[in-house]
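Undergrad: Before I ask anything, let me first share the structure, which is written out below as structure tokens.
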Amino acid sequence: MVTRTPDDAEAPSVTFSREYFDRRYTRDSDPWGLATKWYERRKYALTVASLPKAHYRNCFEPGCSIGELTRLLAPRCTRLLAVDFADSALEQARAAVREFAHVEVRQATLPEQLPGDTYDLILVSEFLYYLSSEDLDRMLDALVDRMETGGDLVAVHCRATDRRHGYDGFNVHSSIEARVELERLVHHEDEEFVLDVFRRLPSSLDGTSGDGS
Ligand SMILES: C[S@@+](CC[C@H](N)C(=O)[O-])C[C@H]1O[C@@H](n2cnc3c(N)ncnc32)[C@H](O)[C@@H]1O
Numbered sequence: 027m028v029t030r031t032p033d034d035a036e037a038p039s040v041t042f043s044r045e046y047f048d049r050r051y052t053r054d055s056d057p058w059g060l061a062t063k064w065y066e067r068r069k070y071a072l073t074v075a076s077l078p079k080a081h082y083r084n085c086f087e088p089g090c091s092i093g094e095l096t097r098l099l100a101p102r103c104t105r106l107l108a109v110d111f112a113d114s115a116l117e118q119a120r121a122a123v124r125e126f127a128h129v130e131v132r133q134a135t136l137p138e139q140l141p142g143d144t145y146d147l148i149l150v151s152e153f154l155y156y157l158s159s160e161d162l163d164r165m166l167d168a169l170v171d172r173m174e175t176g177g178d179l180v181a182v183h184c185r186a187t188d189r190r191h192g193y194d195g196f197n198v199h200s201s202i203e204a205r206v207e208l209e210r211l212v213h214h215e216d217e218e219f220v221l222d223v224f225r226r227l228p229s230s231l232d233g234t235s236g237d238g239s
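Whatever position you read off the sequence shown (first residue = 1), add 26 for my numbering.
Structure, rendered in structure tokens:
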């Protein structure tokens, strides 16, 4: 695989707009082949298998798209909130999880409209590299704030191998790894994607306890 460094590619200068995604969904109801491609099925299977706990109480999935991963995650959670800003995605996601009364699919623009709750599982798949570096920082700050101590953050994003300067999962996960509040439990990196599981450390261990010490 191509040798990479965290800063070998740049985040988009502006966060991708809702109009961009609406256009993609208008052209194709499943623009990335989430329901059909082997890449997605393999990645989803590994993602769900990498969850350290059998069951989570309160889960959050930003950028859920058409709900393919949401549907696989649902049996592992007592409550699950999945959000996206594209109408077509939301409509398809609601249909995908119709059998699960404990799953809510809600419209939200991120990072502006993050829910105020706290979570023992946050799962982010193929979403963070659409954010500008400012919005990525805001998003990661907000996600870490919303993680319960001992809670898990699972991130999974595609990884470029044949191009050195594509901003991708490798770069985005480096930003997560830099967070002192998180300990990495799992790292999987192959020629197609990067998958990491991070656990929220107690604030007494992360140096951000806010007590002035
Ligand atoms: C590649 S798809 C995500 C795939 C999905 N997480 C999965 O793994 O099955 C990216 C999704 O993020 C949504 N999205 C992108 N930027 C967003 C933002 N700033 N706020 C809310 N949703 C956003 C898009 O509408 C799109 O549905």
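Glycine included, every Cβ here is placed at the ideal spot set by N, Cα and C.
Model, not experiment: these values are computed from the prediction.
Once you ignore the five residues that flank V212 on each side, which residues in its own chain have a CB closer than 6 Å to its CB?
TA: For the purposes of this step, residue 212 is taken as residue 186 along the sequence shown, with counting starting at 1. Result list for V212: S76 and V223, in chain order.
Undergrad: If we count the other Cβ atoms within 10 Å of its Cβ and call it buried at 16 or more, is H81 buried or exposed?
TA: The residue labelled residue 81 in the question sits at position 55 within the sequence shown. Label assigned to H81: exposed.
Undergrad: Within 10 angstroms of its Cβ, does H183 collect 16 or more other Cβ (buried), or is it exposed?
TA: Position 157 of the sequence shown holds residue 183. With 16 or more Cβ atoms within 10 Å of its Cβ, H183 is classed as buried.
Undergrad: Just the C-alpha distance for E215 and A204, rounded to the nearest angstrom, thanks.
TA: On the sequence shown, residue 215 is found 189 positions in, with the first residue counted as 1. On the sequence shown, residue 204 is found 178 positions in, with the first residue counted as 1. Near 17 Å, if we compare the C-alpha coordinates of A204 and E215.
Undergrad: DSSP three-state call for P88: helix, strand or coil?
TA: As a position in the sequence shown, residue 88 is number 62, starting the count at 1. If DSSP states are grouped into helix, strand and coil, P88 belongs with the strands.
Undergrad: Kindly indicate which three-state DSSP category F126 falls into: helix, strand or coil?
TA: In the sequence shown, counting from the first residue as 1, residue 126 sits at position 100. If DSSP states are grouped into helix, strand and coil, F126 belongs with coil.
Undergrad: Measuring only from the beta carbon, is E160 closer than 7 Å to any heavy atom that is part of ligand 2?
TA: Questions concerning ligand 2 fall outside what the structure shown contains, since the ligands it does hold are ligand 1.
Undergrad: List the DSSP bridge partners of A181.
TA: If you number the sequence shown from 1, residue 181 lands on position 155. Its beta-bridge partners are V150 and D222.
Undergrad: CB L154 to CB L147, shorter than 8 Å?
TA: As a working note, residue 154 is residue 128 in the sequence shown. As a working note, residue 147 is residue 121 in the sequence shown. In this structure, L147 does not lie closer than 8 Å to L154 by Cβ.
Undergrad: Can you list, in chain order, the residues of its chain whose CB lies under 6 Å from that of P17, leaving out five sequence neighbours each side?
TA: Outside the displayed span of the chain (27 to 239) sits residue 17, for which this structure offers no information.
Undergrad: Whose C-alpha, out of G192, L116, D232 and L157, is nearest the C-alpha of T41?
TA: Numbered from 1 along the sequence shown, position 15 holds the residue referred to as residue 41. Comparing Cα-Cα distances from T41 to each of G192, L116, D232 and L157, the minimum goes to L157.
Undergrad: By the 10 Å Cβ neighbour count, where 16 or more other Cβ atoms means buried, how is G59 classified, buried or exposed?
TA: Position 33 of the sequence shown, counted from the start, is the residue given in the question as residue 59. G59 comes out exposed.
Undergrad: Please list the terminal residues of the continuous alpha helix (DSSP H) segment that includes D171.
TA: Taking the sequence shown and counting its residues from 1, one reaches residue 171 at position 145. That run of the alpha helix (DSSP H) goes S159 to R172.
Undergrad: Which word fits M173, buried or exposed, when buried means at least 16 other C-beta atoms lie within 10 angstroms of its C-beta?
TA: In the sequence shown, the residue the question calls residue 173 occupies position 147. Counting Cβ neighbours within 10 Å, M173 comes out buried, since at least 16 surround it.
Undergrad: Is T135 near ligand 1, going by C-beta to nearest heavy atom under 7 Å?
TA: The residue labelled residue 135 in the question sits at position 109 within the sequence shown. Under cutoff, so the answer is yes.
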